[in-house]
Amino acid sequence: MRAKLGTTFQSLQVRNYRLFAIGQLAKLIGVWMMFTAQDWLVLDLSDDSATALGWVTALQFTPVLLLTLFSGRLADRYDKRLLLFIANAAWCVLSLAMSLLVVTGVIELWHVFVFAALLGTANAVETPVRQSFVSELVGTPLLPNALSLSAATFNSARIIGPAVAGVAIALFDVGPVFLISVFGALAPLIGLVRMRGEELHREALLPMDERAPAKVIDGLRYVRVRPDLVLPMVLMSVMGMTLFNFQITLAALAKTVFNTGAASFGLFTTALAVGALGGALAGSGRRSRPSVWVVLGAAVACAVAGTLVGVATTYWLVLVLLVPAGFLMVYFAQASNQRVQLGVDAAFRGRVMALWVLVFLGTNPVGAPAIGWVAEHAGANAAIWIGGLISLAAALLAVLWQLRHDKSRLRLRIAPLPRFYVVPADANQARTVVGV
Numbered sequence: 019m020r021a022k023l024g025t026t027f028q029s030l031q032v033r034n035y036r037l038f039a040i041g042q043l044a045k046l047i048g049v050w051m052m053f054t055a056q057d058w059l060v061l062d063l064s065d066d067s068a069t070a071l072g073w074v075t076a077l078q079f080t081p082v083l084l085l086t087l088f089s090g091r092l093a094d095r096y097d098k099r100l101l102l103f104i105a106n107a108a109w110c111v112l113s114l115a116m117s118l119l120v121v122t123g124v125i126e127l128w129h130v131f132v133f134a135a136l137l138g139t140a141n142a143v144e145t146p147v148r149q150s151f152v153s154e155l156v157g158t159p160l161l162p163n164a165l166s167l168s169a170a171t172f173n174s175a176r177i178i179g180p181a182v183a184g185v186a187i188a189l190f191d192v193g194p195v196f197l198i199s200v201f202g203a204l205a206p207l208i209g210l211v212r213m214r215g216e217e218l219h220r221e222a223l224l225p226m227d228e229r230a231p232a233k234v235i236d237g238l239r240y241v242r243v244r245p246d247l248v249l250p251m252v253l254m255s256v257m258g259m260t261l262f263n264f265q266i267t268l269a270a271l272a273k274t275v276f277n278t279g280a281a282s283f284g285l286f287t288t289a290l291a292v293g294a295l296g297g298a299l300a301g302s303g304r305r306s307r308p309s310v311w312v313v314l315g316a317a318v319a320c321a322v323a324g325t326l327v328g329v330a331t332t333y334w335l336v337l338v339l340l341v342p343a344g345f346l347m348v349y350f351a352q353a354s355n356q357r358v359q360l361g362v363d364a365a366f367r368g369r370v371m372a373l374w375v376l377v378f379l380g381t382n383p384v385g386a387p388a389i390g391w392v393a394e395h396a397g398a399n400a401a402i403w404i405g406g407l408i409s410l411a412a413a414l415l416a417v418l419w420q421l422r423h424d425k426s427r428l429r430l431r432i433a434p435l436p437r438f439y440v441v442p443a444d445a446n447q448a449r450t451v452v453g454v
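Take 19 as the starting number for the sequence shown in the numbering used here and just add one per residue.
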C-alpha cells in the first residue's frame, strides 16, 4: 500500500512541483467557490435565467477562444514562470475588484458580464502556459504522473470549493464567498516566488534577438500532419461544446427542475467532482502515452454516462449518476491530454497545448449560450441528455474513423466473458479495446 501511494504521489517529492501543486489547490478552491457564487448570483440578478448564465459562461471563455494560441506562442518564447506570475497577479486584482462590488451590494448583471470577460482574459494567458510549465517542473519521466496529479488537484478543488460555497451562500450570502476566493488566488504567486529556478527542467533561454519566432501557424501545421493529435482534439472540442457544460446545467437543474437551494447545487457539483477526482487518480499510475483506444473507450463511456444523468428523473438518482459521469469525464480528458502532451516535441509544446486548451475550453463560448437556451426552454435535463447523445455520436464516429485508419475491425468474442477486440486487417493478433 505504501509503495502504491508513493508511486501515485511521486511527483510531489519534487520541491518545485510541490509548491506549484499547493498553490494551485489553494487558488482553485477559491476559484470554484467564486464560480459557484457567481452562478447563483447571476440567477438571482436575472430572475432565474439559464440563458443569462450561458452568456456569462460564454464571456468567461471567449478570451480563451481569441487569445489562447497567442498565449501558446508566448509560452514557447518567454519565461513561463514569469508569465504565470503576471497572469495570476492580474487574476488577484480583478477578483478583488469584483468582490468589493458584491460585498457593497452595488453589483449588477452587466458588472458580472464585464468581469467574466476580464477574468477569462487572465485565464486565457495562464492556462496554456501552466499546462506546458508542468514539464519544466518534473521532466519527461514524471510528466504522466504530474499531469494526473494536476488533474487531481483541480478536481479536489472542485469537491471542496462548491461544497464550501454552497454552505457559505446559505449562511452568509455570496459576498463573503467572493472575498475568500481572493485570498486563495495569492497562493500561486507565493509558490512561484519560492521556486528554485536552477531546478527547473528547461534549456536556458537564448538572447531575445537569437530566439526562434515561435509562430502560431507553425504550431497549427505541426498538429495538422499528426492524426494522433488531431483525433483527441476534435473529439474534445465536440464533447466540450455539448456535454462539458455542467457549470450551467447543474445550477439550472437544482433551481428550476428540482426547486432546491444553493446547498443542493453545491451537492450536485460535489458529486460530479468526487467522481472526477477518482478519474484523475485512476490515471496517475500511467507511465507511458495512452493508446488511442483508451481515449476512444473513455469517450464512449463518458457520453453514455452524461446521457444517463440527463434522462434521470429523481434528485437522488441524478446525484448518484453524477459520480461515474465525473469519473469518466476526467478520465477521458486526462487520457486525451496525456496522449497529446506526451506525443509532442518540446519546441512545439506551448503552442500545441494552447491549441488543446482552445478545444477544451474555447468551445464554451459557442456551446454555452445554446446549452443555456435549451435549458431555459426545454429544461436543464434535456440540455444534458441532448449533449450526451451528440457526444456519443461523435465518439462512435471517431471509433469508426480510427478503425478505417488502422484498417482494422471490431470482433466480439463471447466465451468466457464478452470482450471487444480490434483486429488488424493484415495480422492475426487482436488487441482488447473493452473487456467486460
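Glycine residues also receive a C-beta, built at the ideal position from the N, C-alpha and C atoms.
Three-state secondary structure assigned by DSSP to residue 276:
In the three-state DSSP reduction, residue 276 falls in the coil class, being neither helix nor strand.
If we call anything under 8 angstroms between Cβ atoms a contact, is residue 407 one with residue 270?
No, the pair does not count as a contact, with Cβ atoms beyond the cut-off.
Between which residues of its own chain and residue 320 is the CB-CB distance below 6 angstroms, once the five residues before and five after are set aside?
Contacts found: 346, 347 and 350.
Quick check: the segment 191-205 against the segment 51-63, are there 3 or more CB pairs under 8 angstroms?
The answer is yes - the segment 51-63 touches the segment 191-205, with three or more Cβ pairs under 8 angstroms.
Which residue from 73, 262, 372 and 130 puts its Cα closest to that of residue 401?
Ranking 73, 262, 372 and 130 by CA distance to the CA of residue 401 puts 262 first.
Given a cut-off of 8 angstroms, decide if residue 327 and residue 340 are closer than it, judged by their beta-carbon atoms.
Yes; because the gap between Cβ atoms is below 8 angstroms, this pair is in contact.
Tell me which residues share the same chain as residue 121 and place their Cβ nearer than 6 angstroms to its Cβ, disregarding the 5 neighbours each side in the sequence.
Cβ neighbours of residue 121 beyond the five flanking positions: 193.
Look up residue 312 in the DSSP assignment and say whether it is helix, strand or coil.
The answer is helix: DSSP assigns residue 312 an H, G or I state.
Collapsed DSSP secondary structure at residue 145 in the structure displayed:
Of the three classes helix, strand and coil, the one that applies to residue 145 here is helix, per DSSP.
Would you mind stating whether residue 139 and residue 46 have Cβ atoms separated by less than 8 angstroms?
Contact flag unset, no.
From residue 385 to residue 254, what does the alpha carbon distance come to, in whole angstroms?
When only Cα atoms are considered, residue 385 and residue 254 end up about 13 angstroms apart.
Taking Cβ to Cβ, would you say residue 112 is nearer than 8 angstroms to residue 137?
Closer than 8 angstroms, so yes.
Candidates 37, 116 and 325: which alpha carbon is nearest residue 49's?
Of the listed residues, the one whose Cα sits closest to residue 49 is 116.
Hey, is the segment 74-89 in contact with the segment 204-215, meaning 3+ C-beta pairs nearer than 8 angstroms?
Too few Cβ pairs lie closer than 8 angstroms, so no.
Within 10 angstroms of the Cβ of residue 334, are there 16 or more other Cβ atoms? Answer buried if so, exposed if not.
Here residue 334 is exposed. Its C-beta has fewer than 16 other C-beta atoms within 10 Å.
Touch check for the segment 28-37 and the segment 145-165: three-plus C-beta pairs under 8 angstroms?
Because the criterion of three Cβ pairs below 8 angstroms is met, the segment 28-37 and the segment 145-165 touch.
Going along the chain, which residues of its own chain have a beta-carbon closer than 8 angstroms to the beta-carbon of residue 514, five neighbours each way excluded?
Only positions 19 to 454 of the chain appear in this structure, which leaves residue 514 out of reach.
Closest by CA to residue 67, which one among 289, 423, 300 and 272?
Taking only the C-alpha atoms, the option nearest residue 67 is 272.
Alpha-carbon to alpha-carbon, residue 397 and residue 259
Near 18 angstroms, if we compare the C-alpha coordinates of residue 397 and residue 259.
Residue of 65, 423, 28 and 54 minimising C-alpha distance to residue 245:
For residue 245, the nearest C-alpha among the options comes from 423.
Cβ-based burial, residue 109 [other Cβ within 10 Å; buried from 16]
With 16 or more other Cβ atoms within 10 Å, it is buried.
Does the Cβ of residue 432 have 16 or more other Cβ atoms within 10 Å, making it buried, or fewer, making it exposed?
With a pLDDT of 49 at residue 432, under the threshold of 50, the modelled position of that residue is not reliable, and no figure is offered here.
Going by beta carbon distance, what residues of the same chain come within less than 8 angstroms of residue 145, once the five residues before and after it are set aside?
So the list reads 82, 86, 89, 375 and 379, once near-sequence residues are dropped.
Excluding the 5 residues flanking residue 377 on each side, which residues of the same chain have their C-beta closer than 8 angstroms to its C-beta?
The beta carbon of residue 377 lies closer than 8 angstroms to those of 251, 252, 254, 255 and 258 in the same chain, with the five residues before and after it left out.
Which whole-angstrom value is the C-beta distance of residue 317 and residue 413, which I expect to be below 8 angstroms?
The C-beta distance from residue 317 to residue 413 rounds to 4 angstroms, short enough to fall under 8 angstroms.
Measuring CA to CA, which of 124, 114, 360 and 368 is closest to residue 238?
When each option's Cα is compared against that of residue 238, the closest is 368.
Inter-residue spacing [alpha-carbon to alpha-carbon] between residue 124 and residue 199
Spanning the two alpha carbons is a distance of roughly 19 angstroms.
For the segment 355-430, list the beta strand (DSSP E) runs that are entirely contained and at least 3 residues long, ordered along the chain.
Runs of the beta strand (DSSP E) inside the segment 355-430: none found.
Residue 267 and residue 178: beta carbons closer than 8 angstroms?
The answer is no: Cβ separation not under 8 angstroms.
Who are the Cβ neighbours of residue 352 in its own chain at under 8 angstroms, not counting the five residues just before and after it?
Excluding positions up to five away in sequence, the list reads 165, 166, 169, 297, 298 and 301.
Mark residue 277 as exposed unless 16 or more other C-beta atoms lie within 10 angstroms of its C-beta, in which case mark it buried.
Exposed, because fewer than 16 other Cβ atoms sit within 10 Å of the Cβ of residue 277.
Do you know offhand how far residue 1's Cα is from residue 126's?
Any question about residue 1 goes unanswered here, given that the chain covers just 19 to 454.
For residue 94, is the classification buried or exposed, using 16 other Cβ atoms within 10 angstroms of its Cβ as the cut-off for buried?
Residue 94 comes out buried.
Does the beta-carbon of residue 112, which I'm using as the reference point, lie nearer than 7 angstroms to any heavy atom of the ligand MN?
The ligand content of the structure shown is nil, which means the ligand MN is not present either.
6 angstroms Cβ shell around residue 197 - same chain, five flanking residues per side excluded:
Close CB contacts of residue 197 within its chain, under the 6 angstroms cut and outside five residues either way in sequence, are with 117 (chain order).
Between which two residues does the alpha helix (DSSP H) harbouring residue 83 extend?
68-95 is the span of the alpha helix (DSSP H), which, as asked, contains residue 83.
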